[in-house]
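When you line the sequence shown up against this note's numbering, it's residues 1214 to 1694, in that order. Backbone N, C-alpha and C define an ideal beta-carbon position, used for all residues, glycine too. Note that the coordinates shown come from a computational prediction; the quantities given were computed from them, not determined experimentally. Reviewing the structure listed below.
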Amino acid sequence: MDSKAILEHIKKRVKETKVTRWIRFGLVALLFFAWVAWMGDWWLSIFIFLLFDIYITGFIPFDWWKKSKNKVVRTIMSWVDAIVYALILVYFVFNFIGQNYQIPSSSLEKTLLTGDYLWVNKMVYGPRVPMTPVHFPLVHNTLPIVNTKSYLESPSLEYRRLKGLRNVELGDIVVFNFPAGDTVPLNVQNPDYYTLVKMVGRNTIKYNTDEFGEIVYRPVDRRENYVKRCVGLPGQKFQIKEGVIYIDGKAQKQPKDVQFNYILQAKTPFTDAEWEDLGVAVEDRVIADLSNPDVRNGIFATGFDVNKYIYMPPLTSTMVEKIKNNSNIEKIVKLGDSALGRVEYLFPDVVSNGWTSYNYGGEEGLVIPKKGMTIDLTEDNWHRYNRCIRNYEHNYDAYLKDGKVYIGGKPTDKYTFKMDYYFMMGDNRDNSLDSRFWGFVPEDHIIGTPMFILISFDKDKNLFNGGIRWNRIFKGANPDK
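This is how it looks when you write it as structure tokens:
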């Protein structure tokens, strides 16, 4: 078909197009140009010609199947057409507006519960432009059944965030990509790769593929989704003293439903009914492992009778007051106040010696990196910030030698951060693997903030007998804000 014939075809289709279709095209075009303006890239406007053809001219025969004489073809293709449109819509909604997210663990109990399904708003902080744009929209990083990657690593785009309503604020519950999830041994994903390296060594993981599986690298927006509370903002000095968070030397108010683990000494075994009345989940009804010498000695040193019934559940302040009135309880002590301390594998390495998850940051505190902030590259600061410098800001050739930091092969005594960073923690303080263990969350890992609970399932109960938590449906996901 020559250019004259093409022009005549277009004119004919334009004249034959119904007013209602022009209206539909006008609405779609308006939304499209609003999206282009939001993206800030007017080269995308060229795709308006594709939309014009789909709605008006029909030069590209997308609907060829409608003219087929074969009923089977028409039926199958009508389903394919509907599915393709739905997937395109889902792709744009999930990437630029929001998406559902399931709470898989107890790290935010009792604020958010295991089994809560959240609607996560990506527009509050501004959605990220997809860094791995070619991906299947209904799964995160792995296609089910076939267990292969659900995305293509190429093409990849640099990090860019569209304009949002506001920045991350202190106390926000935030969904983000797990920073330490860049390297993953597929058979063992908990604990994370870097903790495994500390536990068993890098070569053990590398050469024992039967146990640990293939080691894969995941781009930022394909790393596992985590949800925690933001407890430290860029540029702030962060400390924890006796379980209380301090920002720039000022004590912070605890979330209403924050939990800490307690050691309980009971006269008789706690019944399921007592645990249920107290509100302690089945997985949290923990009996102290007195066969472990460290646990036994720590509990004994705290003044407990190791011949009695000893439990270590997470409790809110309300639950503590309630349990103190239980005549079966002889003694109760917060885990952080006991001779047992949670000190294993704290962030950052070396610097955190002597810290615990209950008393964290030392006397100086831990300054959270801020975009444009310049630090002296001392050996101490290298241990605090080397992962930010190397892994998150892509200075992969940076290293420490003889007390000096080298970047690009040259000794460097100062560094200016390119991104903002955040400190994230769970409200279930003694049962949360969070920034105390794997470090800062870079701004390019931030996904959004949960707005409300879509539905909630209690895995400890039958679906038709309390399995659905009806009182949580459409409940706000961050009651402390």
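Does residue i come out as helix, strand or coil in the three-state DSSP assignment?
i       : result
Leu1409 : helix
Trp1248 : helix
Val1493 : coil
Met1290 : helix
Thr1593 : Per the sequence presented here, residue 1593 reads as Asp, with Thr not at that position. Note: Asp1593 maps to helix in three-state DSSP.
Ser1530 : helix
Leu1243 : helix
Leu1378 : coil
Lys1450 : strand
Gly1680 : helix
Tyr1372 : coil
Ile1752 : Since the first residue of the chain shown is 1214 and the last is 1694, residue 1752 is not available in this structure.
Leu1383 : coil
Thr1233 : helix
Lys1623 : strand
Ile1358 : coil
Leu1667 : strand
Gly1394 : helix
Arg1685 : helix
Arg1498 : coil
Arg1555 : coil
Glu1573 : In the sequence under discussion, the amino acid at residue 1573 is Tyr, which differs from the Glu named in the question. Three-state DSSP puts Tyr1573 in a strand.
In terms of residue numbering, what span does the beta strand (DSSP E) encompassing residue i cover?
i       : result
Arg1442 : 1438 to 1445
Trp1255 : Note, Trp1255: premise wrong, no beta strand (DSSP E); not H, not E.
Ile1460 : 1457 to 1460
Ile1523 : 1522 to 1524
Leu1326 : First-last for Leu1326: undefined, no H or E at that position.
Leu1263 : Here Leu1263 belongs to no beta strand (DSSP E); instead the alpha helix (DSSP H) covers 1261 to 1265.
Asn1604 : Where Asn1604 is concerned, there is no enclosing beta strand (DSSP E), given that its DSSP letter is neither H nor E.
Asn1390 : 1386 to 1390
Phe1636 : 1634 to 1638
With distances taken Cα to Cα, identify the nearest neighbour of residue i among the options.
i       : options                            : result
Asn1539 : Asp1593, Thr1484, Gly1549          : Thr1484
Asn1541 : Pro1482, Glu1656, Ile1267          : Pro1482
Val1564 : Gly1253, Val1580, Leu1553          : Val1580
Tyr1330 : Gln1312, Ser1648, Gly1339, Arg1341 : Gln1312
Tyr1634 : Tyr1372, Gly1445, Lys1282          : Gly1445
Asp1385 : Leu1667, Met1637, Asn1641, Gly1652 : Met1637
Val1533 : Asp1276, Gly1492, Ser1363, Asn1334 : Gly1492
Ile1259 : Phe1246, Gln1478, Val1508          : Phe1246
Ile1545 : Ile1523, Thr1531, Leu1553, Phe1560 : Ile1523
Lys1547 : Val1241, Ala1690, Tyr1558, Ser1530 : Ser1530
Arg1374 : Ala1690, Ile1660, Asn1691          : Ile1660
Ser1551 : Ile1602, Lys1584, Phe1513          : Phe1513
Tyr1475 : Gln1467, Lys1466, Phe1517          : Phe1517
Asn1696 : Val1429, Arg1415, Ile1588          : Given that the chain is displayed from residue 1214 to residue 1694, the structure contains no residue 1696 and the question cannot be resolved.
Glu1424 : Ser1363, Val1413, Phe1349, Trp1255 : Val1413
Phe1389 : Ser1648, Val1286, Arg1555          : Ser1648
His1596 : Lys1584, Ile1301, Trp1683, Leu1613 : Leu1613
Phe1630 : Pro1274, Pro1350, Asn1599, Tyr1268 : Asn1599
Glu1577 : Ile1686, Lys1537, Ile1453          : Ile1453
Met1632 : Gly1622, Phe1687, Gly1585, Ser1669 : Gly1585
Ser1318 : Glu1371, Lys1672, Leu1676          : Lys1672
Going by DSSP, which residues form a beta bridge with residue i?
i       : result
Val1546 : Ile1476
Asn1400 : DSSP output for Asn1400 lists no bridge partner at all.
Asn1334 : Gly1311, Thr1662
His1348 : Tyr1364
Leu1613 : Val1618
Val1654 : Tyr1635
Lys1674 : Its beta-bridge partners do not exist; DSSP assigns none.
Thr1629 : Thr1587
Lys1463 : Ile1460
Asn1644 : Asn1644 is not bridged to any residue.
Arg1341 : Arg1374
How should residue i be labelled, buried or exposed, when 16 other C-beta atoms within 10 angstroms of its C-beta is the threshold for buried?
i       : result
Thr1233 : exposed
Met1525 : buried
His1607 : exposed
Gln1315 : exposed
Tyr1573 : buried
Leu1321 : buried
Ala1611 : buried
Ala1393 : buried
Ser1291 : exposed
Phe1451 : buried
Pro1398 : buried
Let me see if you follow: with CB-CB separation under 8 Å, is residue i close to chain D or not?
i       : result
Thr1569 : The structure shown contains no chain D; it is built from a single protein chain.
Counting along the chain, where does the alpha helix (DSSP H) carrying residue i start and finish?
i       : result
Tyr1420 : 1415 to 1420
Phe1582 : A small fix is needed here, since residue 1582 is Pro in this sequence, not Phe. Note, Pro1582: premise wrong, no alpha helix (DSSP H); not H, not E.
Asn1510 : 1506 to 1514
Phe1650 : 1648 to 1651
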